[in-house]
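Trainee:
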Amino acid sequence: MKKFLLIGIALLLALVIGGFLFIHFYINGERVSQLINEQLDNQFEVTIIKASPKIFSRSINLEGVSVEVKGNEAEERIFEADAIELNGLKLRKLFRGEMALKSVNMENYFIDLVKLPDEDDTGQQDEEPSDFTFLTTSLNFTGGEIHFPAADGFGEMSGLDLRTGKINYRPGCTDCEDPFTVEEIHVELSEVWFSFWEERYRFEGKSILISETDSLFEAANLSLNPVLSEEQFFQSLEFRTDMFRVDLSGFVLKQFDLNGLIHSDRFKASYLSADSLDLHVSLDKRVPEDPDSVNPPLPLEALNNLPVSVDMDSVRVHHADIRYSEYDEEGVRPGTILFAGTNALISPVKSNEESPMVLNAFSLLEGSGELNVIIELRMENGTSVTDVKGNLGAFDVTNLNNILNDLEGINIDSGTIREISFEYTMREERAEGWIDVHYDDLSMELIDRDDHDQGFRDRIGSFLMDQIAVREDSRNNGEDSRRGEISEDREPENGFFNYLWISLRSGIMDVVRRI
């Protein structure tokens with residue numbers, strides 16, 4: 011009996027060792043590639059250089075994995091990876107159409123979604139949802155590069171590391187509340203960029219972190235810049251619109267609800283902050299107006315029209331330099347105004363909210379004059395209303411020549427602002443309010459906007475302006491101040507920044523040009 015038992019054990023060991031050796035030597039990259047290709051249509055071809063099974067851990071390591079699109083004159087590679095490791099495979103579930111495993115690891119991978127054929131290109135009809143199920147406890151991808159389509163452009167990600175917890179994917183489950191669930195998403199990305207709007211703009215992000223566990227989104231740098239030069243950009247337009255340059259550093263989104271954004275169309279966070287911001291908005295009025303254009307939405311209108319609901323306590327911006335430039339219809343150079351060293355707090359930032367959204371900002375006008383502004387945005391019976399009030403401290407008025415020379419044909423020779431206060435309301439397409447200017451020794455002249463010289467008419471107009479319009483004792487009962495009327499209709503191409511500035515400018519010009 012003992013002899014038969016020993017023989018049985020020896021036979022069992024031989025079967026196990028033989029089966030192990032059979033699987034070890036039979037399962038290789040070529041056979042695994044062949045098995046996968048048999049399950050696919052003729053549109054793709056999978057190649058695996060090496061396959062190494064591990065019986066006792068129910069794992070398999072794949073090396074040199076690639077996928078190519080067939081049918082074109084030149085086969086195009088859409089996927090490749092140095093190594094893919096599948097751990098803890100549950101073979102019994104695999105036979106039932108379920109891929110359940112402990113973890114999936116992938117190293118140094120490349121995915122090209124741009125070259126991926128559209129479903130319409132395959133000539134196949136829509137099929138019923140698959141009963142296939144994919145389950146894994148964790149996923150870990152490192153060193154990824156992805157090319158992807160973006161609107162009418164394209165983009166790339168590089169240095170993409172992705173980690174997740176449990177993933178449950180049941181595309182054919184009609185009774186499931188959500189056929190796709192993923193937990194504990196963690197993304198680290200070295201760089202991402204994409205172009206859009208006929209490749210006029212390029213968006214870039216660097217050193218990005220998204221952590222569901224920490225409810226955190228961070229980016230070292232985010233930027234939006236035209237691909238073309240300023241002249242080429244405006245020449246490429248059929249109708250006028252703003253051009254934006256944005257460079258933002260130290261972007262942080264705290265208590266970010268990533269799961270809510272993925273599954274509930276809800277963007278929720280505690281606050282958004284940026285360490286520094288460089289924003290330049292330009293408009294070229296030499297480009298013709300669109301006769302069919304409608305006014306772009308104001309901030310609250312745009313917020314309420316987003317496809318997701320927004321719920322943030324506040325947005326905080328530090329050390330921002332904000333520039334606005336404008337070419338006049340007959341100008342040759344842009345006039346520019348700078349709001350430097352801006353610190354701003356916006357609170358709350360919530361869509362479809364009855365209470366107003368308030369922006370408090372401090373800035374240095376042209377880098378010197380201390381400017382404090384409060385902007386309150388609210389909706390009244392579906393109408394966007396913006397209340398603006400603020401004050402400016404002591405300021406050398408000649409600094410305004412940067413914008414007045416080329417836009418208004420005015421040059422300020424000398425003068426000091428002691429204080430400016432203003433208050434106005436932008437209601438839909440009309441802005442109305444007032445501005446009080448307290449000044450000393452203000453002297454100005456009219457100039458030609460093209461060459462900044464004075465013709466005869468300019469000299470006569472300068473004399474009248476200097477001697478009658480702006481002297482302290484001319485029309486203010488001997489007082490050194492003047493009130494101007496803010497009154498401006500919004501033009502169709504004016505976005506929020508344009509509307510905000512031209513409304514205030516109308517009051518300034520009412521002060522300096524009344525005769």
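Going left to right, the sequence shown walks through residues 11 to 525 as the numbering used here numbers them.
Note that the Cβ used here is the ideal one computed from N, Cα and C, for glycine as well.
1) Tell me, to the nearest whole angstrom, how far the beta carbon of Val75 is from that of Phe54; I am working on the premise that it is less than 8 Å.
2) The alpha helix (DSSP H) that contains Ile272, what's its start and end?
3) Quick one: Cα of Gly400 to Cα of Asn115, how far?
4) Three-state secondary structure (DSSP) at Val407?
5) Quick check on the burial criterion: 16 or more other C-beta atoms within 10 angstroms. Buried or exposed for Asp294?
6) Return helix, strand or coil for Asp520, following the three-state DSSP convention.
7) CB-CB under 8 Å to Leu414, same chain, minus the five flanking residues each way: which ones, in chain order?
8) Given that a residue counts as buried once 16 or more other Cβ atoms are within 10 Å of its Cβ, and exposed if not, what is Gly377?
9) Quick check for students: name the residue ranges of the beta strand (DSSP E) that lie wholly in the segment 67 to 98, counting only runs of 3 or more.
10) What does DSSP give as the partner residue(s) for Ala160 in the beta ladder?
11) Tell me where the alpha helix (DSSP H) around Phe243 begins and ends.
12) To which residues of the same chain is Val192 closer than 7 Å at the C-beta, ignoring the five residues directly before and after it?
13) Hey, how far is the Cα of Pro298 from the Cα of Asn305?
14) Per DSSP, Asn421 is paired with what?
15) Are there 16 or more other CB atoms within 10 angstroms of the CB of Ala161, so buried, or fewer, so exposed?
16) Does the segment 213 to 230 touch the segment 240 to 253, meaning 3 or more C-beta pairs lie closer than 8 Å?
17) Whole angstroms are fine: how far does the CA of Arg500 sit from the CA of Tyr528?
18) Please state the DSSP three-state secondary structure of Pro236.
19) Would you check if there are 3 or more beta carbon pairs closer than 8 Å linking the segment 277 to 291 to the segment 303 to 323?
20) Helix or strand or just coil, what does DSSP make of Gly505?
21) Using a 10 Å radius around the Cβ and a threshold of 16 neighbouring Cβ atoms, would you call Ala284 buried or exposed?
22) Going by the CB atoms, is the gap between Ile356 and Leu369 shorter than 8 Å?
23) Applying the 10 Å Cβ sphere with the 16-neighbour rule, what's the burial state of Val327?
24) Can we say the segment 423 to 434 touches the segment 449 to 457, given the rule of at least three CB pairs closer than 8 Å?
25) The alpha helix (DSSP H) with Leu313 in it runs from where to where?
26) Excluding sequence positions up to five away, which residues of its chain have a Cβ less than 6 Å from the Cβ of Phe190?
27) Looking only at C-alpha atoms, which of Met367, Ser365, Met519 sits nearest to Asn411?
28) So Arg459 and Asp338 are supposed to be a Cβ contact under 8 Å. How far apart are they, rounded?
29) Could you tell me which of Ile220, Arg428, Lys125, Ser239 sits nearest to Phe89, measuring between CA atoms?
30) Among Glu108, Asp446, Pro159, Ile94, which has the Cα closest to the Cα of Leu149?
31) How big is the Cα-Cα spacing for Val291 and Tyr119?
32) How far does the beta strand (DSSP E) with Thr223 in it reach, from first residue to last?
33) I'd like the list of long-range same chain contacts for Arg343, defined as Cβ closer than 7 Å, with 5 residues on each side in sequence excluded.
34) Take Arg437 and list the residues in its own chain whose beta-carbon comes closer than 6 Å to its own, dropping the five residues that flank it on each side.
35) Below 8 Å on the Cβ atoms is my guess for Thr492 versus Val447; work out the distance and round it to an integer in Å.
Mentor: According to the data block:
1) 13 Å between Cβ atoms; not a contact.
2) Counting along the chain, the alpha helix (DSSP H) containing Ile272 begins and ends at 268 to 274.
3) Distance between the alpha carbons of Gly400 and Asn115: 57 Å.
4) DSSP places Val407 in the helix class (H, G or I) of the three-state scheme.
5) Asp294 is classed as buried because its beta carbon has at least 16 other beta carbons within 10 Å across all chains shown.
6) Three-state DSSP puts Asp520 in a helix.
7) Gly345, Ile420, Asn421, Ile422, listed in sequence order.
8) It counts as exposed.
9) Complete beta strand (DSSP E) runs here, min 3: 69 to 79, 86 to 97.
10) For Ala160, the beta-bridge partners assigned by DSSP are Gly163.
11) Per DSSP, Phe243 is one residue of the alpha helix (DSSP H) stretching across 240 to 245.
12) Contacts found: Thr174, Ile177.
13) One C-alpha to the other measures close to 15 Å.
14) Paired residue(s): Glu455.
15) Classification of Ala161: exposed, given that the 10 Å Cβ count is below 16.
16) Pairwise C-beta distances place the segment 240 to 253 out of contact with the segment 213 to 230, as fewer than three of them are shorter than 8 Å.
17) Missing from the structure shown is residue 528; the chain here goes from 11 to 525 and no further.
18) Looking at Pro236 - three-state DSSP - the assignment turns out to be strand.
19) Inter-segment contact for the segment 277 to 291 and the segment 303 to 323 is present: three or more beta-carbon pairs are separated by less than 8 Å.
20) Note: Gly505 maps to coil in three-state DSSP.
21) Classification of Ala284: buried, given that the 10 Å Cβ count is 16 or more.
22) Yes. Within cutoff.
23) Flag for Val327 reads buried.
24) The way I'd put it, the segment 423 to 434 does touch the segment 449 to 457; three or more beta-carbon pairs between them come closer than 8 Å.
25) Unbroken alpha helix (DSSP H) run through Leu313: 309 to 314.
26) Within the same chain, Phe190 has close Cβ partners Tyr179.
27) Of the listed residues, the one whose Cα sits closest to Asn411 is Met519.
28) Confirmed, Cβ separation roughly 7 Å.
29) For Phe89, the closest alpha carbon among the candidates Ile220, Arg428, Lys125, Ser239 is that of Lys125.
30) The shortest C-alpha separation from Leu149 is found at Ile94.
31) Their Cα atoms are separated by approximately 39 Å.
32) Where Thr223 is concerned, there is no enclosing beta strand (DSSP E), given that its DSSP letter is neither H nor E.
33) Answer for Arg343: Asp416, listed in chain order.
34) If we look at Arg437 and ignore the five residues flanking it on each side, its Cβ neighbours are Val395.
35) Note that residue 492 is Arg in the sequence shown here, rather than Thr. Indeed they touch by this definition, with Cβ atoms about 5 Å apart.
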